[in-house]
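Novice: Here you go, one structure.
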Amino acid sequence: MSDNLRGAALMALAMAAFSLEDMFIKLLADGLPVGQILVLLGIGGAAIFGAIARHKGQAVLTPLLLTPAILTRNVFEMIGTIGFVLGFVLASLATASAILQSAPLLVTLGAVLFLGEKVGWRRWSAIAVGFAGVLLIVRPGMAGFEPATMLAVLGVFGLAGRDLATRVIPPSVSSYQLSCWAFAMIIPAGLFLMLVMGEGMVLPGRAEVFGLIGALGIGVLGYYTLVAAMRLGELSFVTPFRYTRMIFALVIAVLVFDERPDALTLTGAAIIIAAGLYTLWRETRATA
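At position 264 of the sequence shown the residue is numbered 305 (this note's numbering), and the sequence of numbers has no breaks.
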């Protein structure tokens, strides 16, 4: 198997892992406060990636944490986590995951506005079409509008901002350090949620403990395989496999949560994915 195929397989595995992590969190939210779930996952993930970084001789507490790019990334990580998690907990997993697919389009738009990248009319058109797909899913002002979906939109903006900030982080910062700090940012995000929602800590039962272990283990696996995929294969070949997350999320939403996404949601998701794939193809053509 070529490096590209290995990278694609790892990317698909990462997307499956993230979808399963979302499933665990949504199930856990029936018995535990969402903020508490995030705090516990943040502590566990930060500890695991911090230990890996230290094993590799990389500092976890370093002055690099105070650089503008990393501070910006961490703030957007908090915004993205709060928005997306609340989006799929309070609304449907399928809907939130469909909206999430627009993140690459937002990254392209942000790269033009803040990083000075050049985009032709074709990619501008693809971005506009992709956002039209988001409107089909959210349906503001229509009978099928679900206010909680706006939290998923907020999450997408946060995750896109995180990815943009990542582009300008010095290469000397390792993926393990970034992953450790990303999980660490989930801790204050969870505490903030608990404060705003007026929730206290709840002692997890046996089922919740196993659910937390499952969410943490599968989440760490997702991060690890994502990093491996991006390093192993060519970005132009591997990146499109990010969209497999939509497939995994739909399967989980239907089989586990008995969700039935309507035609507009599925159409919007298809439009977003098609626009994202076209934008990626144009980017590879432009850099070839």
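From the three backbone atoms N, C-alpha and C, an ideal C-beta is built for every residue, glycine too.
#1: Terminal residues of the continuous alpha helix (DSSP H) containing R286?
#2: Below 8 Å on the Cβ atoms is my contact criterion, and I expect L321 with L51 to pass it. Report the Cβ-Cβ distance as a whole number of Å.
#3: Taking L69 and L234 to be in contact with their CB atoms under 8 Å, please state how far apart those CB atoms are, rounded to whole angstroms.
#4: Taking C-beta to C-beta, are G317 and F224 nearer than 8 Å?
#5: Have a look at R323 and T280 and give me their C-alpha separation to the nearest angstrom.
#6: Which value, in whole angstroms, describes the spacing of the CA atoms of A94 and F198?
#7: Which of helix, strand or coil does DSSP assign to D299?
#8: Using only alpha-carbon positions, find the residue among T207, P145 and L195 that is nearest to G128.
#9: Have a look at M226, L291 and A304 and flag the residue whose alpha-carbon is nearest the alpha-carbon of F117.
#10: Pick helix, strand or coil for Q99, following the three-state DSSP scheme.
#11: Are the segment 289-302 and the segment 147-157 touching by the rule of at least three beta carbon pairs closer than 8 Å?
#12: Buried or exposed: where does M64 fall if 16 or more other Cβ atoms within 10 Å of its Cβ makes it buried?
#13: Tell me the residue span of the alpha helix (DSSP H) that contains I210.
#14: What's the C-alpha gap between P181 and L112?
#15: Could you spell out where the alpha helix (DSSP H) holding K67 opens and where it closes?
Specialist: Straight from the coordinates:
#1: T285 to L296
#2: Their Cβ separation, rounded to whole angstroms, is 18 Å, which puts L321 and L51 out of contact at 8 Å.
#3: With 8 Å as the limit, L69 and L234 do not qualify as a contact, their Cβ atoms being about 14 Å apart.
#4: No, they are not a contact pair.
#5: 13 Å
#6: 28 Å
#7: D299 falls in the coil class under three-state DSSP.
#8: L195
#9: M226
#10: Three-state result, Q99: coil.
#11: no
#12: buried
#13: Here I210 belongs to no alpha helix (DSSP H), and DSSP marks it neither H nor E.
#14: 33 Å
#15: D44 to L69
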